[in-house]
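Colleague: Taken in sequence, the protein lines are chains L and G.
Residue numbers for the first sequence follow the working numbering, so the first one is 51 and each next one is one higher.
Residue numbers for the second sequence follow the working numbering, so the first one is 51 and each next one is one higher.
For each residue, glycine too, the CB sits at the ideal point set by N, CA and C.
Protein chains: 2
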Amino acid sequence: MSTKVLRIAVYTLLVVGVLMFVTQVVFAAEDGGHATEGVHSIASTLLWIVVILISAKLASLIEKAGQPAVLGELVIGLILGNLVLLGISLFEPIKADPIIAFLSEFGVIILLFQVGLESNIKEMMKVGPRSLAVAIIGVVVPFLLGWLVVGPWLLPGLPTNAYLFLGAALTATSVGITARVFKDLGKLNIPEAKIVLGAAVIDDVLGLIILAVVSALVTLGAVSLGGVSVILGKAIVFLVGAVVIGQYASPLLCNMFSRIHTGVGMKMTIALGFALVFSYLAEQIGLAPIVGAFAAGLVLDPVHFRFFRKPQVANEIFEEADKLPEPHKKKLHHIADHLSDKHVEELIEPIALLLVPIFFVYTGMTVRLETLFDPKILLVALGVSVIAVAGKYVSGLAAGNVNKHLVGFGMVPRGEVGLIFATIGRSLGVVSEEVFSVIVIMVIITTLFTPPILSMLLKRN
Amino acid sequence: MSTKVLRIAVYTLLVVGVLMFVTQVVFAAEDGGHATEGVHSIASTLLWIVVILISAKLASLIEKAGQPAVLGELVIGLILGNLVLLGISLFEPIKADPIIAFLSEFGVIILLFQVGLESNIKEMMKVGPRSLAVAIIGVVVPFLLGWLVVGPWLLPGLPTNAYLFLGAALTATSVGITARVFKDLGKLNIPEAKIVLGAAVIDDVLGLIILAVVSALVTLGAVSLGGVSVILGKAIVFLVGAVVIGQYASPLLCNMFSRIHTGVGMKMTIALGFALVFSYLAEQIGLAPIVGAFAAGLVLDPVHFRFFRKPQVANEIFEEADKLPEPHKKKLHHIADHLSDKHVEELIEPIALLLVPIFFVYTGMTVRLETLFDPKILLVALGVSVIAVAGKYVSGLAAGNVNKHLVGFGMVPRGEVGLIFATIGRSLGVVSEEVFSVIVIMVIITTLFTPPILSMLLKRN
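#1: Please return the same chain residues whose Cβ sits closer than 7 Å to the Cβ of L498 (chain L), not counting the five positions on each side in sequence.
#2: Looking only at C-alpha atoms, which of G:G460, G:M415 and G:E242 sits nearest to A146 (chain G)?
#3: Name the chain G residues that come within less than 7 Å of L269 (chain L), Cβ to Cβ?
#4: Thinking C-beta only, is K233 (chain L) closer than 8 Å to H311 (chain G)?
#5: Quick one: is I474 (chain L) buried, meaning 16 or more other Cβ sit within 10 Å of its Cβ, or exposed?
#6: In three-state terms, what does DSSP make of I159 (chain L)?
#7: Beta-carbon separation of A109 (chain L) and V481 (chain L) under 8 Å?
#8: Closer than 8 Å, CB to CB, is G446 (chain L) near chain G or not?
#9: As an exercise, report each continuous alpha helix (DSSP H) stretch of at least 4 residues that is fully enclosed by the stretch 238 to 303 of chain G, in chain order.
#10: Classify F423 (chain L) as buried or exposed, calling it buried when 16 or more other Cβ atoms lie within 10 Å of its own Cβ.
#11: Using the three-state DSSP reduction, which class does K373 (chain L) fall into: helix, strand or coil?
#12: Kindly indicate which residue of G:F409, G:V444 and G:G468 has the alpha-carbon position closest to the one of A119 (chain G).
#13: If you measure beta-carbon to beta-carbon, which residues of the stretch 110 to 135 of chain L are closer than 7 Å to chain G?
#14: What number of angstroms, rounded off, separates the C-alpha of C304 (chain G) from the C-alpha of A371 (chain L)?
#15: Any Cβ of chain L within less than 8 Å of the Cβ of I367 (chain G)?
#16: At the level of alpha carbons, what is the spacing between K509 (chain L) and G236 (chain L)?
#17: Exposed or buried, which one is P334 (chain G) when buried takes at least 16 other CB atoms within 10 Å?
#18: Mind checking P361 (chain L): buried by the 16 CB within 10 Å criterion, or exposed?
#19: Output the boundary residues of the alpha helix (DSSP H) element that contains E483 (chain G).
#20: Taking 8 Å as the threshold (C-beta atoms), are A338 (chain L) and A346 (chain L) in contact?
#21: Of the residues L:L405, L:W98 and L:M461, which one's Cα is nearest the Cα of I160 (chain L)?
#22: Since S505 (chain L) and V231 (chain L) should fall inside the 8 Å C-beta cutoff, what is the C-beta to C-beta distance between them, to a whole number of angstroms?
#23: Cutting at 8 Å between CB atoms, please list the residues of its own chain near P241 (chain L), excluding the five before and the five after it.
#24: Hey, how far is the Cα of M492 (chain L) from the Cα of T413 (chain L)?
#25: Is N211 (chain L) helix, strand or coil when you go by DSSP?
#26: Between the alpha carbons of I171 (chain G) and I295 (chain L), how many angstroms are there, rounded?
#27: Using three-state DSSP, classify A85 (chain G) as helix, strand or coil.
#28: Please return the same chain residues whose Cβ sits closer than 7 Å to the Cβ of I252 (chain G), not counting the five positions on each side in sequence.
#29: Checking 8 Å against the spacing of the C-beta atoms, do K317 (chain G) and F344 (chain G) come in under that value?
#30: What does K107 (chain L) reach in chain G if we use C-beta pairs closer than 8 Å?
#31: Roughly how many whole angstroms lie between the Cα atoms of L348 (chain G) and P143 (chain L)?
#32: Under 8 Å between C-beta atoms, does I401 (chain L) make it to chain G?
#33: Looking at the secondary structure, which residues open and close the alpha helix (DSSP H) in which P455 (chain L) lies?
#34: Looking at chain G, is there any beta carbon in it that lies within less than 8 Å of the beta carbon of Q334 (chain L)?
#35: Could you give the distance in angstroms between the alpha-carbon of P502 (chain L) and the alpha-carbon of P301 (chain G)?
#36: Quick one: residues in its chain with C-beta nearer than 7 Å to the C-beta of N511 (chain L), no 5 flanking neighbours on either side, listed in chain order?
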């Protein structure tokens with residue numbers, strides 16, 4: 051076992067070394083070379099994509115230690131993004147590249163769309179009440195703890211508004227991390243996964259309202275009930291509209307477009323069209339685009355694509371199967387049917403393979419490790435993180451007759467949503483640099499430590 | 051037949067109308083809505099991707115009239131990009147979106163990578179000498195005609211340097227259009243396709259040299275043989291290196307990476323890694339990135355991926371096949387083997403479905419139809435275009451015992467390469483606005499009229 055670990059470590063060092071050497075050489079060549087004038091050079095972005103994808107795959111060695119690949123991607127991103135602290139600024143341009151940032155956001159949209167496609171709307175509805183209970187507890191408890199307990203206790207002497215924002219930042223749930231862990235381990239269909247996914251969507255709505263309320267309190271000193279109702283109303287109209295209208299519209303649209311073309315390109319266009327339009331609309335409402343992408347995946351059912359051409363290999367199998375006696379005929383028909391049904395998911399998969407690792411490595415890269423260097427802030431942040439974990443963990447108790455630990459820890463990662471709250475608070479002048487660093491560290495801790503814990507719980511389950 | 055055409059027309063109008071309406075409504079909503087502060091809004095780019103993909107698929111109706119889909123994509127792009135002439139500026143932001151521009155370039159890289167994967171390096175070598183002959187004639191004849199005949203004759207009174215650049219702009223070959231037509235019609239494996247692909251790669255090297263020579267003549271008044279040799283040397287080292295070293299390195303790298311992980315994600319990473327690194331290196335040398343992508347596709351052979359896990363469905367088929375007697379067993383093994391072998395191409399296909407239409411629609415959008423409005427320039431441009439077509443067409447005569455018309459017309463489209471020459475000439479002050487417009491119209495004509503002609507010739511073949 052220890053030789054295996056050693057071999058993995060040597061391999062990793064070797065390949066990271068080669069990677070760094072190649073990038074160095076190539077960039078030296080770039081300084082000396084001359085790209086054709088007049089052409090916008092996209093070359094460096096192409097290279098960054100390769101660097102990210104290869105790093106992600108090297109990091110997937112972590113799977114041999116029983117950890118989900120997503121943890122490896124986050125950690126390798128963390129390393130690449132913080133090499134600058136050791137004076138290596140080679141990878142700094144990645145963080146500043148707007149195209150990488152776009153591809154990363156596109157990646158998490160595709161991930162949640164995939165998760166939606168693999169989920170079933172009826173199954174989601176079944177766990178709906180439990181998701182709602184988990185979401186409400188998972189928002190109310192951390193908010194109250196942050197605002198009334200941990201803020202005044204660990205960060206005494208700040209204005210109440212700062213505690214309000216700290217509480218708000220503790221309410222967020224970043225569904226991307228949890229969904230990816232469940233997906234990495236092939237557990238998207240267990241009830242715990244469905245409860246967490248549903249609760250994360252509801253959390254996004256609740257978070258939107260909390261953000262509106264605390265922002266209004268800070269800027270206006272009062273909350274307008276009308277304003278909050280409008281936000282809540284829009285979010286509910288979007289979600290209910292997406293699910294209800296989407297369920298009726300998707301077969302109609304699939305049918306209509308199949309009259310123009312029944313090829314694989316049209317299938318892809320409809321699937322991506324749903325994902326991107328729903329993401330767009332969600333963002334317009336103020337929700338996270340990934341909530342829209344998840345809803346799009348939920349309403350698109352593979353059966354809607356029955357008017358489209360089957361993949362050619364499925365037809366070949368059918369043809370051969372029909373010459374055979376039972377049970378071989380039935381078995382081969384089953385394989386070919388499965389191949390046709392899963393075709394939309396198979397089509398999205400390669401796009402996810404390209405874009406999803408960009409999201410997680412890039413997320414890791416944007417973590418600024420230097421925030422951990424101030425011992426006083428670090429200590430406070432550890433305290434806040436304990437509350438952040440505990441506050442979400444108790445929400446699992448409302449999940450009913452399932453593995454409550456799994457649901458509770460599934461709600462823990464804060465990801466980018468917590469950072470958005472902190473950023474807004476800082477822009478309003480309420481969140482000081484000190485509180486901001488505390489929130490950043492809390493986000494790092496809840497995001498990085500959840501995947502191994504979830505993975506352990508899932509294996510024990 | 052005429053009712054069919056009518057129905058297609060009505061459908062198209064209907065769907066374009068709906069599309070425009072939806073975009074209008076959505077954009078009105080955008081003005082009124084409020085995106086969450088602090089998050090970089092990627093929403094409009096997501097929507098543009100959907101608009102481009104749906105437009106491309108609507109334009110694929112042109113296939114029902116026997117035309118290749120790429121023509122539809124170019125034409126719908128032309129329409130969307132020039133609606134501003136009718137006062138509709140709805141789609142103008144697409145042209146200015148740097149992320150769409152990046153995705154478009156990424157798209158043509160993926161297209162040429164696919165074409166390379168479908169091509170076989172040994173087969174390419176077989177037609178090598180004929181490709182070389184076609185390329186040389188296809189560069190020398192249009193260059194001499196442009197410089198010495200059509201320039202002085204149709205555009206009298208300009209300095210010789212302007213004629214030199216006009217000639218240079220006539221030498222370019224845009225392989226993207228031709229490759230796509232052959233691909234759309236499933237004819238990438240006929241000898242004519244291979245000759246044209248090979249000639250286009252050589253053309254890119256020759257074009258690089260011509261550009262260096264005419265630029266040196268204009269700026270220095272003389273050509274340094276040393277400078278030209280360096281450019282030629284670099285290009286040859288890259289191409290020979292890519293093909294020779296790539297052929298040996300690709301199985302080694304595939305083997306090495308398969309030790310880290312044998313999953314589909316690693317397969318994808320290696321394939322994309324080759325495509326993007328080769329594109330990057332080609333651009334550093336001064337060649338078109340697509341030349342690198344094509345070379346990457348050529349050296350990557352599906353057999354190198356034999357150490358990787360087979361797709362699960364292939365294993366299911368093998369398992370069932372092994373229970374059956376011959377010839378069923380053999381037939382099913384054949385299907386499953388094919389599924390495993392083609393797996394890399396299948397993985398790249400969805401990425402191409404997403405990105406390739408963006409390239410062609412975007413290319414169409416960047417065409418500025420108002421250049422056609424000046425009758426004098428239009429007439430001169432028509433004359434230049436006739437020479438542009440004739441000059442490339444004669445190169446087909448060197449193609450040996452194949453359909454010479456097909457090779458000749460395959461070399462005709464100038465695409466973006468001709469525009470790059472014109473742009474550089476204009477930036478050097480040699481190419482006037484008038485000559486620039488003439489070149490732009492020549493590029494439009496050779497690019498738009500080639501697909502239907504090639505498609506007609508291919509069907510007659």
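Modeller: A quick look at the data gives this:
#1: L124
#2: G:M415
#3: For clarity, residue 269 (chain L) is Thr in the given sequence; the question names Leu instead. Those do not exist, as T269 (chain L) stays about 12 Å from chain G at its closest Cβ, beyond 7 Å.
#4: no
#5: buried
#6: helix
#7: no
#8: no
#9: 241 to 270
#10: exposed
#11: coil
#12: G:F409
#13: S110 and L111
#14: 35 Å
#15: yes
#16: 11 Å
#17: Looking at the sequence shown, residue 334 (chain G) is not Pro but Gln. Classification for Q334 (chain G): buried.
#18: Label assigned to P361 (chain L): buried.
#19: E483 to R510
#20: no
#21: L:L405
#22: Sure, about 6 Å apart at Cβ, within 8 Å.
#23: Excluding positions up to five away in sequence, the list reads V177 and V452.
#24: 15 Å
#25: DSSP places N211 (chain L) in helix when its eight states are reduced to three.
#26: For I171 (chain G) and I295 (chain L), the distance between alpha carbons rounds to 52 Å.
#27: Since pLDDT at A85 (chain G) reaches only 36, below the 50 mark, its modelled position is unreliable, and no value is offered.
#28: S181, L182 and A185
#29: no
#30: F307, I310, H311, G315, M316 and T319
#31: 31 Å
#32: yes
#33: The question names Pro, yet the displayed sequence has His at residue 455 (chain L). Element bounds for H455 (chain L): K454 to G460.
#34: For Q334 (chain L), the answer is yes, since a Cβ of chain G falls inside 8 Å of its Cβ.
#35: 35 Å
#36: N453 and L456
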